[in-house]
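Read in order, the letters of the sequence shown are residues 62 to 761 in the numbering used here. Heads up, the beta-carbon is just placed ideally off N, CA and C, and yes, glycines get one too. These figures come from a predicted structure and were not determined experimentally. Contents: one structure, followed by commentary.
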Amino acid sequence: RFDHQTKHLHLILIRRTVLLEIPYTVMTDRILSICCTIHCYYHGEVEGHSGSEVSLSTCTGLRGLISLEHKVYILEPTEEGNTHRLYRGEHLKLTQGTCGHGHNISYPTQMTNTTGAVFSSHSRRHKRDAHSSTKHVELIIVADNREYQKQGKDVEKVKQRLAEIANYVDKFYRSLNIRVALVGLEVWSDGDKCSITQDPFTSLHEFLDWRKLKLLPQRPHDNAQLISGVYFQGTTIGMAPIMSMCTAEQSGGIVMDHSDNPLGAAVTLAHELGHNFGMNHDTPERGCGCRATVDRGGCIMTPSTGYPFPTVFSTCSKKDLAASLEKGVGMCLFNMPEVKVLYGGQKCGNGYVEEGEQCDCGDECLNPCCNASTCTLKQEAVCAHGQCCEDCQLKPAGTPCRESSNSCDLPEFCTGADPHCPANVYLHDGNACQGVDGHCYNGICQTHEQQCITLWGQGAKPAPGICFERVNSAGDPYGNCGKDAKGSFAKCEARDAKCGKMQCQGGANRPVIGTNAVSIETNIPLQEGGRILCRGTHVYLGDDMPDPGLVLTGTKCGENMMCINRQCQNISVLGVHDCSAKCSGHGVCNNNMNCHCESLWAPPFCDKAGFGGSMDSGPMRPTDSSGVTVGILVAFLCLLCVGIIVCIKRKTLLSLFFNHKNNTIEKLSFHMIVLPCEQATTLSQLKNIFSKISSKNFRI
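In structure tokens form, the structure reads like this:
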């Protein structure tokens, strides 16, 4: 309870146990430890105030934010530690900073938008409602050496600060049906593992390279963010590539820890994570709706951050997110992180099924299948949670539980043994899509055609190859293959021209991707006379976002060729042919290098009869054998009837058997072999009868 403006405020808090999923690891240069500290992170509301929100930690006193009556308050312990202060958010000391918004844009090498293709409306696959499904981001936060020094070289203090940041970020994203689960922390206590300098561009490039080559293979995750104690040049306090969530190359960002209160870095991290999700800045010309006015901080994706700080997302951010999800961004987020032992230890009633529990429906349980007090299933119940659990029973194997979202995604089915839908899988990078016009990359079908439509609207199409070759050989802001490590525009080699700036024809009069995009038109004379009009784009975005006018990674640039790292490379480097070869011509290869078989074939190699699907997705159709059983019974009854008829009519059958020799049987003299009727009831016995008959001598 708190006293505020002569009022008593009662806070209703719920312990947030999904903050850290196990194995929760804290890594330093000297130690790798599995942590099980006391859980001290809470979300909640103010009693009697609808729409209020609370996010607190009790690790070292009470610290957090309270959103009440359209105002934000900060709660934190005093320096003495025995009292607390509560003050308005605008009084929080924050460094005024930006996301690098400006016209002098400089991007690190290979910082390309790896997603964003618009999918054909003619796709035959049924698309799931990606926006309504809860997404789970498995996040790793890294603290660089300067941040470690800034926190007094105290690993525990750094760890607590990063966990508080994650708690805030999860609170911000819950309104978007996204949960942010911190799966690991890394503290660079002995020195930085990659170059982190005051130049935010090169620092981001270095961090993302280190993540791909070192961190990701060691500790699988969806996204990684660096919290840095370095003060970046200019006004930039954070940077991240746009529409890059779940990609190995770019799913991450860097954040400057610019405030004494961890809330400042949390707001910036939420902003950069928004860019990873495909959210653009809330610029005035976009006309974004924000329930927090500018004098109260505005919304999270505002280009600059000061005080008061933003804690909510705008209507533009929600639209950007929905559009990105429809395009296939975030393919790794639809499976819930595996929960074995939650941070802080096990507890019946936290809403997560842990070791020794059959179910867990939370403190306010409405689940008819689960005993809330004991976390055990009720009598006759087999399950209580999951997409493959219905009326307390498992759904049959082969029941669809997650439809494919696009032409590069694969559906998942219930296994009949697990109440949860299998993890999301999609086609292996390099598989053909949209006929043969594109290749799949990170679960998305990338083509020049769809990118032109994204930039210029319906009616746009790729320009002839000469446009790409001439324009992108210039190595200037309007024609290039990205930037090199020094920040200079790189010229495209002729073979890589279709991996540089996108060149289109037709469509709208100006780019349709935003008011900060301008048209760059080039007329190229032809030897035979006439000219070709090539239309490119130049977009003025923030320094933290790459140029959306560049061809997307994974785009087809020739027969069996794909744009990778701004170069046109053969898809064989992805291993798609080797993987598909083991599927026996009856399946395709998924992103786990396993065969996804057609409905009549069985995994793992689609070389035997079965029920389709893969080792990852579950069977494509019901696996019960009732139809086979019925068929066997019908066949047996038919043979039984034949056997009975043979026993009753055996003389007549023998007469008919020899009728072709003589229309009138004058004499039939042979030794008849007769089996008891009750023994002549199977097909093998009938064959035996006629075999013995034919071996005798007949006189007619």
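Chain-order list of residues whose beta-carbon lies under 6 angstroms from that of residue i (same chain, five-residue window excluded)
i      : result
CYS351 : GLY359, CYS360, SER375
THR437 : GLN419
LEU729 : Residue confidence for LEU729 is low, a pLDDT of 33 falling below 50, so the modelled location carries little weight; the figure read from the coordinates is stated next. Correct list: empty, nothing qualifies.
ASN724 : Unreliable placement is indicated for ASN724, whose pLDDT of 46 sits below 50; the coordinate value is still reported in the next sentence. There are no such residues.
LYS748 : Confidence in LYS748 is poor, its pLDDT being 48 and thus under 50, which makes the residue's placement unreliable; the coordinate value appears in the next sentence. So the list is empty, once near-sequence residues are dropped.
ARG124 : SER118, GLU137
CYS101 : SER118, THR119, CYS120
ASN396 : ALA484, ASN485
GLU225 : SER118, PRO323
ASN238 : THR195
ALA663 : LYS669, GLY671
THR476 : ALA458, GLY679
VAL612 : CYS560, MET563, CYS624
Supposed contact pair residue j and residue i - C-beta distance, whole angstroms, cut 8 angstroms
i      : j      : result
CYS430 : ASP421 : So it is not a contact: roughly 11 angstroms between Cβ atoms.
CYS560 : GLN628 : 6 angstroms
THR598 : VAL532 : Not quite, the Cβ-Cβ distance comes to about 12 angstroms (not below 8 angstroms), so this is no contact.
MET392 : CYS482 : Actually they are not in contact, since the Cβ atoms of MET392 and CYS482 sit about 14 angstroms apart, beyond 8 angstroms.
ASP343 : MET362 : 5 angstroms
SER495 : SER468 : It is worth fixing the name first, because residue 495 is Gln in this sequence and not Ser. About 6 angstroms; that satisfies the 8 angstroms criterion.
ARG240 : HIS197 : 5 angstroms
ARG280 : GLY313 : Not a contact, Cβ separation roughly 13 angstroms.
THR329 : ILE298 : 5 angstroms
PRO480 : CYS449 : 5 angstroms
GLY565 : ALA524 : The amino acid occupying residue 565 in the given sequence is Cys; Gly does not appear at that position. Rounded, the Cβ-Cβ distance is 6 angstroms, consistent with contact.
Sequence-distant residues of its chain with Cβ nearer than 7 angstroms to residue i (five each side left out)
i      : result
PRO680 : ALA458, GLY459, PHE474, PHE672, GLY673, GLY674
ILE73  : GLY105, GLU106, GLU108
LYS218 : GLN212
PRO586 : ARG592
ASN651 : LEU471, VAL486, TYR487, LEU488, HIS489, HIS657, SER675, ASP677
GLY688 : In this prediction, GLY688 scores a pLDDT of 44, lower than 50, which makes its location untrustworthy; no coordinate-derived value is stated.
VAL443 : CYS453, GLN454, LEU455
LEU382 : LEU237, PHE338, GLY339, MET340
Bridge-paired residues (DSSP) for residue i
i      : result
HIS599 : VAL579
HIS500 : ALA493, GLN507
MET622 : GLY619, ASN631
THR437 : ASN432
CYS656 : CYS650
VAL133 : SER128
ASN584 : LEU594
TRP662 : ALA670
LYS522 : GLN566
LEU123 : Its beta-bridge partners do not exist; DSSP assigns none.
LEU488 : ASN651
PRO680 : Paired residue(s): none; PRO680 is not in a bridge.
LYS544 : PHE550
ASN284 : LEU200
PRO138 : HIS145
GLN454 : GLU451
GLU473 : ARG463
SER675 : GLY679
LEU611 : LYS562
First through last residue of the beta strand (DSSP E) which encompasses residue i
i      : result
CYS618 : 617 to 619
ARG146 : 145 to 149
CYS462 : 461 to 463
LYS196 : 196 to 204
Residues of its chain near residue i, where Cβ-Cβ distance is below 8 angstroms and the 5 sequence neighbours each way are ignored
i      : result
ASP537 : PHE550
GLY615 : THR175, ASP490, HIS500, CYS501, TYR502, ASN503, ILE505, GLN507, MET623, CYS624, ILE625
MET654 : HIS489, GLY636, CYS640
ASP498 : THR508, GLU510, LYS617
SER256 : THR263, SER264, GLU267
Limits of the unbroken alpha helix (DSSP H) element including residue i
i      : result
GLU267 : 261 to 271
ILE527 : 526 to 533
ASP537 : No alpha helix (DSSP H) holds ASP537; DSSP gives it neither H nor E.
SER641 : 637 to 642
Chain C within 8 angstroms of residue i, Cβ atoms only
i      : result
ILE625 : The chain inventory of the structure shown lacks chain C, comprising one protein chain alone.
- Return the chain-ordered ranges of every alpha helix (DSSP H) run that is complete within the stretch 215 to 243 and spans a minimum of 4 residues. 216 to 235, all fully within the stretch 215 to 243.
- Task: List in chain order: all unbroken alpha helix (DSSP H) runs of 4+ residues lying wholly within the stretch 332 to 416.
- Result: 376 to 388
- Item | Runs of beta strand (DSSP E) wholly within the stretch 288 to 319 (minimum 3 residues, chain order) | 313 to 317
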